[in-house]
Amino acid sequence: MRPLTGHDILAGMYSDVLDLREFYRSSTGQVVRRLIRRRIRELWPDLAGQRVLGIGYATPYLTMFQEEAERVMAVMPASQGVIAWPPEGPGRVTLADEAELPFPDMSIDRVLLVHGLECTEELRPLMREIWRVMAGGGRLIAVVPNRRGIWARSDRTPFGLGSPFSPSQLRGTLKANMFVPEREDCALFLPPTRLRFLLASAPAVEEVGHRWFRAFAGVHMVEASKQIYANPARAKVRERQRVLSPQAQPAFGRVAAERKQTQGK
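This is the structure:
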């Protein structure tokens, strides 16, 4: 099966950031966060000293890295909107054009892409920007709704928006955009529900589904490395317009300053 391109994706439609926040505050969203975070943590057990960037609406999954990573930051697309994060302390989130990330080349070690790939109208520019900002030994985890899963068929959750991917389509998309798929995993075998007794059974259902019914998971995720022998410099270099929230400027400004110091040595 050929990889998806930007023309293959249906008209992108991001959830409003307030709807995303309310979903993750709900009992269903809290269970979803725990189940997906578990799989992400298994792929990334230790990020000590790493610079971590979340793109899309990744903040529910970034909190677990705050105490160990050198820096944790988030970018939310302009069409989605932005809310302050974390709730306390300096802001670490910014609103930006997904095709113009406000970071220097090779300045990020880990990129977590959640609620982004399936909704973007600029798939290739987004992936090229992620490639640009990732360090040579960096890693990307893309979390997307599984085309065969029931979560992609329910518009009551954010996983029902945009265009879902099959595992082969996700791998093909990464390969077509200069990434090398390394490892895969999946999550969400419980159907979308608000019933408390079903949510309470989620861990047991997850174990059975992960062992025997992986093809029907609600989300699929792939960890990929940067294809370092590719040449992304064919596109014209243009001045990028940074759109930073005032709270985020100190944290994001330090990334650029430190990068300049490193280049000057």
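In terms of this note's numbering, the numbers along the sequence shown are unbroken and rise by one, the last being 270. Glycine is no exception: its CB is placed at the ideal position from the N, C-alpha and C atoms.
Within its chain, find whatever has a CB closer than 6 Å to the CB of C191; leave out the 5 residues flanking it on each side and keep chain order.
Here residue 191 refers to the residue found at position 186 of the sequence shown. Here the set comprises R219, A222 and H225.
Quick check on V138: buried or exposed, where buried means 16 or more other Cβ atoms within 10 Å of its Cβ?
In the sequence shown, residue 138 corresponds to position 133, counting from 1. Burial call: buried.
How close, in whole Å, do the beta carbons of T99 and V80 come, if the pair is a contact with beta carbons under 8 Å?
Counting from 1 along the sequence shown, the entry for residue 99 is found at position 94. Counting from 1 along the sequence shown, the entry for residue 80 is found at position 75. About 6 Å separates the two Cβ atoms, so the contact holds.
Any idea what DSSP makes of V227, helix, strand or coil?
By one-based count along the sequence shown, residue 227 stands at place 222. DSSP places V227 in strand when its eight states are reduced to three.
Step through the CB atoms of chain B and report whether any lies within less than 8 Å of the CB of P150.
Absent from the structure: chain B. Only one protein chain is present.
Could you tell me if F202 is buried or exposed, where buried requires 16 or more neighbouring beta carbons within 10 angstroms of its beta carbon?
By one-based count along the sequence shown, residue 202 stands at place 197. Around the beta carbon of F202, fewer than 16 other beta carbons lie within 10 angstroms, which makes this residue exposed.
Residue span of the beta strand (DSSP E) that contains T68, given as start and end
Looking up residue 68 in the sequence shown gives position 63. No beta strand (DSSP E) holds T68; DSSP gives it neither H nor E.
Uninterrupted alpha helix (DSSP H) stretches inside the stretch 27-115 (no shorter than 4 residues)
The qualifying runs are 32-48 and 64-67.
Would you report the Cα separation of A229 and E27, rounded to the nearest angstrom?
Numbered from 1 along the sequence shown, position 224 holds the residue referred to as residue 229. Numbered from 1 along the sequence shown, position 22 holds the residue referred to as residue 27. Put simply, the backbone Cα of A229 is about 30 Å away from that of E27.
Rounded distance between the beta-carbons of Q55 and A74, thought under 8 Å
As a working note, residue 74 is residue 69 in the sequence shown. As a working note, residue 55 is residue 50 in the sequence shown. The Cβ separation is near 5 Å, so the contact holds.
Report the partner residues of F170 according to the DSSP bridge assignment.
Taking the sequence shown and counting its residues from 1, the one referred to as residue 170 is at position 165. In the DSSP output, where bridge partners are listed per residue, F170 has N151.
Could you check if Y66 is buried or exposed, using at least 16 other CB atoms within 10 Å of its CB as the buried criterion?
Within the sequence shown, the letter at position 61 stands for residue 66. The residue is buried, with at least 16 neighbouring Cβ atoms inside 10 Å.
For A207, which residues of its own chain have a beta-carbon under 7 Å away from its beta-carbon, when the five flanking residues on both sides are left out?
Residue numbering aside, residue 207 sits at position 202 when the sequence shown is read from its first letter. If we look at A207 and ignore the five residues flanking it on each side, its Cβ neighbours are V36, L40 and L195.
Please confirm if the stretch 99-113 is in contact with the stretch 40-49, defined as three or more CB-CB distances below 8 Å between the two stretches.
Using a C-beta cut-off of 8 Å, the stretch 99-113 makes no contact with the stretch 40-49, since fewer than three inter-stretch Cβ pairs fall below that distance.
For Q174, count the other beta carbons within 10 Å of its own beta carbon; 16 or more makes it buried, fewer makes it exposed. Which is it?
Residue 174 sits at position 169 when you count from the first residue of the sequence shown. Q174 counts as buried, since at least 16 other C-beta atoms from the protein chains shown sit within 10 angstroms of its C-beta.
Own chain partners of R199 with C-beta closer than 7 Å, once the 5 adjacent residues on each side are dropped
Looking up residue 199 in the sequence shown gives position 194. Taking C-beta separations shorter than 7 Å and ignoring five residues to either side along the sequence, the partners of R199 in its chain run S32 and T33, following chain order.
Determine the closest residue to L122 out of Y62, A53, V210 and D21, with distance taken between C-alpha atoms.
Position 117 of the sequence shown, counted from the start, is the residue given in the question as residue 122. Minimum Cα-Cα distance from L122 among the listed residues Y62, A53, V210 and D21 corresponds to Y62.
Which runs of the beta strand (DSSP E) fall wholly inside the stretch 182-215 and span at least 3 residues, in chain order?
184-192, all fully within the stretch 182-215.
Please state whether the Cβ-Cβ distance between Q85 and D160 is less than 8 Å.
Locating residue 85 in the sequence shown gives position 80, where the first residue counts as 1. Locating residue 160 in the sequence shown gives position 155, where the first residue counts as 1. With a cutoff of 8 Å on beta-carbon distance, Q85 and D160 are scored as not near each other.
Take G59 and list the residues in its own chain whose beta-carbon comes closer than 6 Å to its own, dropping the five residues that flank it on each side.
For the purposes of this step, residue 59 is identified with residue 54 of the sequence shown, where counting begins at 1. Closer than 6 Å at the Cβ level, and outside the excluded window around G59, lie L67, A79 and L117.
Just mark W217 as buried or exposed, buried being the case when its beta carbon has 16 or more other beta carbons within 10 Å.
For this step, residue 217 is matched to residue 212 along the sequence shown. Per the 10 Å Cβ criterion, exposed.
Neighbourhood of I233 by C-beta distance below 8 Å, restricted to the same chain and skipping five residues each side:
One-based indexing of the sequence shown puts residue 233 at position 228. Excluding positions up to five away in sequence, the list reads G141.
Look at the alpha carbon of A240 and the alpha carbon of F184, and state the distance between them as a whole number of angstroms.
Counted from its first residue, the sequence shown places residue 240 at position 235. Counted from its first residue, the sequence shown places residue 184 at position 179. Per-residue confidence for A240 stands at a pLDDT of 43, beneath the threshold of 50, marking its modelled position as unreliable; the derived number appears in the next sentence. Our two residues, A240 and F184, have alpha carbons roughly 18 Å apart in a direct line.
Distance CB(P163)-CB(L25) smaller than 8 Å
Position 158 of the sequence shown holds residue 163. Position 20 of the sequence shown holds residue 25. The answer is yes: Cβ separation under 8 Å.
Bridge-paired residues (DSSP) for R144:
Your numbering for residue 144 matches position 139 in the sequence shown. Looking at the DSSP output, R144 sits in a beta bridge with R115 and S230.
Compare the C-alpha of I113 against each of E126, V213 and G143 and name the closest.
Counting from 1 along the sequence shown, the entry for residue 113 is found at position 108. For the residues E126, V213 and G143, the minimum Cα distance to I113 belongs to G143.
Provide the residue span of the alpha helix (DSSP H) that contains E127, from first to last.
For the purposes of this step, residue 127 is identified with residue 122 of the sequence shown, where counting begins at 1. E127 -> no alpha helix (DSSP H), and no H or E assigned at all.
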